[in-house]
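Residue numbering for the sequence shown follows the numbering used here, starting at 969 and increasing by one per position.
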Amino acid sequence: MKTGYSAAAILFAGELREEAFKKCFGGKSAFELALKRTAAFPYVVKVTVLASNNFDARLMPAGVERMVLTRKEAWNVKSLLHELARAGEGFDLSYFCWADTPFLDGGLAEAVARRHLSGAAEYSYADGWPDGLAPEILSPGTAGILARINGDNEAPVERDTIFAVLQKDINGFDIETEISEVDFRQRRLNLAACSKRNLLLLERLWEAGVSGAMNMADTAGDIIIRRPELLRCLPAFYPVQVVSACPQRCQVCPYPKSDGFVFSGFPHGGEEGGGGGDFPVMKLEDFSSLLDKIVDFSGDAVVDLSLWGELALHPGRIELVGEVLRRPALSLVIETSGIGWEKADFRTLAREAAAAAPRKNGMAALSWIVSLDSSDEAEYRATRGEGFSVALENARSLFALFPNDAYAQALRMKGNEAHIEKFYRFWKDEGANVIIQKYDSFCGFLPDRSAADLSPVNRIPCWHLMRDMTILLDGSVPVCRSAPPGSGETLGNVFSEDLDAIWRRGEERYARHCAQNYDGPCSKCDEYYTFNF
């Protein structure tokens, strides 16, 4: 292999969050560290920063030579690939990183580069490490080829944009991979200062030993393995109950067996009778105040409506959704039976979602999950009760208005497996997105009807204790969504306490999971490995 190579380092700073510029690492920001570490990669003779027009050039760190700042009003996949091709022209290889990744490892970058050059690859990457430790590498001409494959796609730039475009013709490229001895992918870590949650994780790793490490990749990996409790940072998912009533008594739901359940009746007739009636709901002002607390505490999050109740039965359902949509830090998922809605509701919410500001987490402003469970009316009635035709009609309306952000969901369990493939094919033929959900016995509260054991060989600490905060109608916070109804174990109340105090009360149980102590309801739960957001 020849010596005397030259390389371009290209950092994407077009969509950085404010966390990238906070000086949390020995007086330096994630942005500063990312630039300095990238400039020190092997063979680098030029560093190009791709930024937006409103980027403040004064944020560029001193002491980094050979640096070029390229600005655009807005970046998309098309403009990124064209700029990568231009900036990498004349070099033996180009490194590509996001400019909010402070733990980029020079040794790992060198290993990827050596493998790339010795294998005469067109694209190389490190696999198995947490994201944010290594660059992607492209050979001269590769970005130009990707630009032609991409065509006029002007979608927003994502963290996996290059690989996503490459996958369209993956067999047409020579690819090399530097593989980690330990596979960290299941931990879903992104070591980038792209959210309040991730910045807290970076600070914890920095203080735990990364700050003085020569080899950041190995040091960070070792800390993650030895101290998994550090990974529980801030909640990312908030299932919230805003209405106590439901038009169905589903056989697979624990809520009808709880004291708080209110059966509203099927609202469009049928043998169950008409709907309506008075039942407890969360007030709009209380919900709005809760959303402010969530934004202040988590920075960004996904809110899920409605836990244990049908949102369509809330008299202020449109206003509740509007409160989430007007906060760009929050994305909303509505889980519904599809019953109780008016067609005008869907049209109104589609207009409001389309007009909503882009979400900070990059997700859709509003997504829908319609719990249908079967495409066969008799099977549907046995599991959920009346309402099949109404749910079907409303689901179709949602899929037409939200083609990329609405999902038909079925629960896979003993007794309905013969219907699952039929359900999947039925909705795929309709052009809908489909979710096949595993069965949950709610820590043994319901009979075990699991169709298969999907749990990992070695149990891991619970994702839900790590990332979720479940909130009931009265503001109380149970240990988790799968805790048996009426178990009485709560972490606090969101209407009378700070979210931080409530969240910290869950640390002890999560620490027990990290120590492989799964006591209480957790001993009977197999939801620990399911991941929401």
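Ideal Cβ positions, reconstructed from N, Cα and C, are used throughout, including at glycine.
Item, Value
"Contact under 7 Å by Cβ, A953 with D1068", "The chain is shown only over 969 to 1501; residue 953 falls outside these bounds and no answer can be derived."
"Cut-off 7 Å between Cβ atoms - residues of its own chain near F1370, not counting five sequence neighbours on either side", "A1318 and W1336"
"Run of the alpha helix (DSSP H) containing C1482, from where it starts to where it stops", "E1475 to C1482"
"Whole alpha helix (DSSP H) elements within the segment 1248 to 1291, 4-residue minimum", "1252 to 1266"
"Close beta carbons around G1355, own chain, < 6 Å, minus the five adjacent residues each side", "F1234 and I1307"
"Sequence-distant residues of its chain with Cβ nearer than 8 Å to L1168 (five each side left out)", "C1201 and L1202"
"Endpoints, the beta strand (DSSP E) within which E1122 is located", "Looking at the DSSP string, E1122 is not in any beta strand (DSSP E), and its letter there is neither H nor E."
"Cβ distance (whole Å) where F1463 is taken to contact D1254 below 8 Å", "6 Å"
"Residue interval of the beta strand (DSSP E) (run including K1014)", "V1012 to S1020"
"The alpha helix (DSSP H) enclosing T1458, as first and last residue numbers", "Segment T1458 to N1461 is the beta strand (DSSP E) holding T1458; no alpha helix (DSSP H) there."
"Assumed close pair D1436, P1207 - CB separation to whole angstroms, cut-off 8 Å", "7 Å"
"With 16 other Cβ atoms within 10 Å as the buried cut-off, status of N1166", "buried"
"Distance CB(A975)-CB(L1061) smaller than 7 Å", "yes"
"Beta strand (DSSP E) runs contained entirely in the segment 1132 to 1172, provided each spans 3 or more residues", "1143 to 1147"
"Separation of S1450 from D1344, as counted between CA atoms", "28 Å"
"Option in E1051, G1100 and E1057 with minimal Cα separation from G1074", "G1100"
"Spatial neighbours of A1007 in its chain, beta-carbon cut-off 6 Å, leaving aside the 5 residues before and after", "V1015 and V1032"
"Cβ pair count under 8 Å reaching 3, the segment 1418 to 1428 against the segment 1436 to 1445", "no"
"Residue burial classification, S961 (beta-carbon count within 10 angstroms, cutoff 16)", "Here the chain covers residues 969 to 1501 and nothing more, so residue 961 does not appear."
"For D1137 and I1117, believed in contact at Cβ under 8 Å, the rounded distance", "6 Å"
"Extent of the continuous alpha helix (DSSP H) to which W1471 belongs", "L1467 to R1472"
"Cβ pair count under 8 Å reaching 3, the segment 1043 to 1061 against the segment 1114 to 1129", "yes"
"Own chain partners of K1390 with C-beta closer than 8 Å, once the 5 adjacent residues on each side are dropped", "S1343 and D1344"
"Proximity of E1277 and S1226 at Cβ, strictly below 7 Å", "It should be pointed out that residue 1277 corresponds to Gly in this sequence rather than to Glu. Not a contact, by the Cβ cut-off of 7 Å."
"Cβ-based neighbour list, C1411, same chain, cut-off 7 Å, excluding 5 preceding and 5 following", "S1450, A1451, P1452, P1489, K1492 and C1493"
"Selected residue, minimal CA-CA separation from I1193, among Y1497, L1467, I1428 and A1094", "I1428"
"Check whether L1403 and R1380 have beta carbons under 7 Å apart", "Contrary to the premise, residue 1403 reads as Ile rather than Leu in this sequence. Contact flag unset, no."
"Euclidean distance between Cα positions of S1418 and P1196", "29 Å"
"Of the residues H1481, I1147, M1028 and R1364, the one placed nearest A1002, counting alpha carbons only", "M1028"
"Spatially closest choice to F1071 from V1292, A1400, D1246 and G1177, by CA coordinates", "G1177"
"Check whether F980 and A988 have beta carbons under 7 Å apart", "no"
"Residues near W1471 in its chain [Cβ-Cβ closer than 7 Å; skip 5 each side]", "P1203 and M1437"
"Beta-carbon separation (whole angstroms), H1084 vs E1144, contact threshold 8 Å", "5 Å"
"Unbroken stretches of the alpha helix (DSSP H), 4 residues or longer, contained in the segment 1348 to 1408", "1356 to 1369 and 1385 to 1397"
"W1309 versus L1279: straight-line alpha-carbon distance, rounded", "9 Å"
"Whole-Å CB distance - K1328 paired with D1268, under 8 Å assumed", "4 Å"
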